[in-house]
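Top line first, the protein sequences correspond to chains D and R. Its first residue numbered 7, the first sequence is counted upward by one per residue in my numbering. Its first residue numbered 7, the second sequence is counted upward by one per residue in my numbering. Glycine included, C-beta positions come from ideal geometry on N, C-alpha and C. Note sheet for the following structure.
2 protein chains.
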Amino acid sequence: MKNGNGIAEKSKASCAMYLRAVHDSLDILGGKWKISIIGALKFGNRRFKELQREVNGITAKMLSKELKELEINELVKRTVFDSKPVTVEYELTAYGKTLDGVLESLMTWGIQHRKRIMVKK
Amino acid sequence: MKNGNGIAEKSKASCAMYLRAVHDSLDILGGKWKISIIGALKFGNRRFKELQREVNGITAKMLSKELKELEINELVKRTVFDSKPVTVEYELTAYGKTLDGVLESLMTWGIQHRKRIMVKK
Numbered sequence: 007m008k009n010g011n012g013i014a015e016k017s018k019a020s021c022a023m024y025l026r027a028v029h030d031s032l033d034i035l036g037g038k039w040k041i042s043i044i045g046a047l048k049f050g051n052r053r054f055k056e057l058q059r060e061v062n063g064i065t066a067k068m069l070s071k072e073l074k075e076l077e078i079n080e081l082v083k084r085t086v087f088d089s090k091p092v093t094v095e096y097e098l099t100a101y102g103k104t105l106d107g108v109l110e111s112l113m114t115w116g117i118q119h120r121k122r123i124m125v126k127k
Numbered sequence: 007m008k009n010g011n012g013i014a015e016k017s018k019a020s021c022a023m024y025l026r027a028v029h030d031s032l033d034i035l036g037g038k039w040k041i042s043i044i045g046a047l048k049f050g051n052r053r054f055k056e057l058q059r060e061v062n063g064i065t066a067k068m069l070s071k072e073l074k075e076l077e078i079n080e081l082v083k084r085t086v087f088d089s090k091p092v093t094v095e096y097e098l099t100a101y102g103k104t105l106d107g108v109l110e111s112l113m114t115w116g117i118q119h120r121k122r123i124m125v126k127k
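Written out as structure tokens, the structure is:
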């Protein structure tokens, strides 16, 4: 510790609080798949196969695992329809929709990042 | 494909664009460490050891790897000071600071998520 004055301590405390909050989010959204799955569901309900097509590169096993975790955290709802053959649909819950700000900020940054790289090339 | 009408196709195209942008961001920020490191640097320049203390649970090897990747992507700048002993400091570049919106949204969501869980317990 470089010093013990009030401002430095306060800044250290808010940094820790800030990092804890960011960490809490990443605990739930960890890895790249969950955010992509939520992103796809933003555009409407999807069946398993549709999600697998849209979330590029994900395996069926991984998609199934990720969807289960999203369900446990109440971000995604799974509905089974009694059709023939049985169909299963996934949708964002109201709570899942509260992630909209996170997704928007990632999208906005991703767009400008791609532009920046293109200019450099 | 359920139908081939214009609206559905358009929605599919914007979904793909949206997911690509989110994916681009996650490619750069992948995993939980990079975002936490950037979060810590938001509060001021840090030495390696300081970062390791603040980013809970990261090993020295992993921190070094992550910092190198952040440097390559021009989000973090590393400065060596010719002191005795030599000190190395890390700081966010101007480009790194453009991630502020992403971090803010993750922090905001993390705070309300913790509150939600507390109420449930």
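Cβ neighbour criterion (16 or more within 10 Å) applied to residue i
i	result
R52/D	buried
E143/R	For residue 143/R there is no data in the structure shown, the boundaries of chain R being 7 and 127.
S89/D	exposed
A27/R	buried
G10/D	Because G10/D carries a pLDDT of 48, less than 50, the predicted location of this residue cannot be relied on, and the following value inherits that uncertainty. Result: exposed.
S20/R	exposed
V108/D	buried
G116/D	buried
I64/R	buried
V86/R	exposed
I123/R	exposed
M113/D	buried
V61/R	buried
S17/R	exposed
A100/D	exposed
S111/D	buried
Three-state secondary structure assigned by DSSP to residue i
i	result
T99/D	coil
F87/D	strand
G116/R	helix
L109/D	helix
K121/R	helix
G37/R	coil
G10/D	Any reading at G10/D must be qualified, since the residue scores a pLDDT of 48, below 50, and its modelled position is unreliable; the value itself is stated next. It is coil, neither helix nor strand.
K18/R	helix
K127/R	coil
L25/R	helix
L32/R	helix
Where residue i meets chain D, residues with beta-carbon distance less than 8 Å
i	result
E60/R	C21, A22, L25
A46/R	C21, L25
L76/R	Correct list: empty, because the minimum Cβ distance to chain D is about 13 Å.
K38/R	H29, L32, D33, G36
Residue from the options with nearest C-alpha to residue i
i	options	result
E77/R	E95/R, G63/R, N62/R, F49/R	E95/R
L4/R	K18/R, Y24/R, F49/R	With chain R covering only 7 through 127, there is no way to say anything about residue 4/R.
L32/R	L25/D, S42/D, S31/D	S42/D
G102/D	S70/D, K18/D, I34/D, A19/D	I34/D
N79/R	L109/R, V92/R, T104/R	T104/R
W39/R	K67/R, S17/R, Y24/R	K67/R
Contact list for residue i against chain R, beta-carbon separation under 7 Å
i	result
L109/D	V28
I41/D	V28, L32
L105/D	W115
Partners in chain D for residue i, counting only beta-carbon separations shorter than 9 Å
i	result
I34/R	W115, G116, H119
K83/R	Simply none; closest approach about 17 Å.
Partners in chain R for residue i, counting only beta-carbon separations shorter than 8 Å
i	result
S17/D	F49, G50
S31/D	L112, M113, W115, G116, H119
Open item on the list: At 4 residues or longer, what runs of the alpha helix (DSSP H) sit wholly inside the region 40-93 of chain R?
Closed with: 54-60, 66-78
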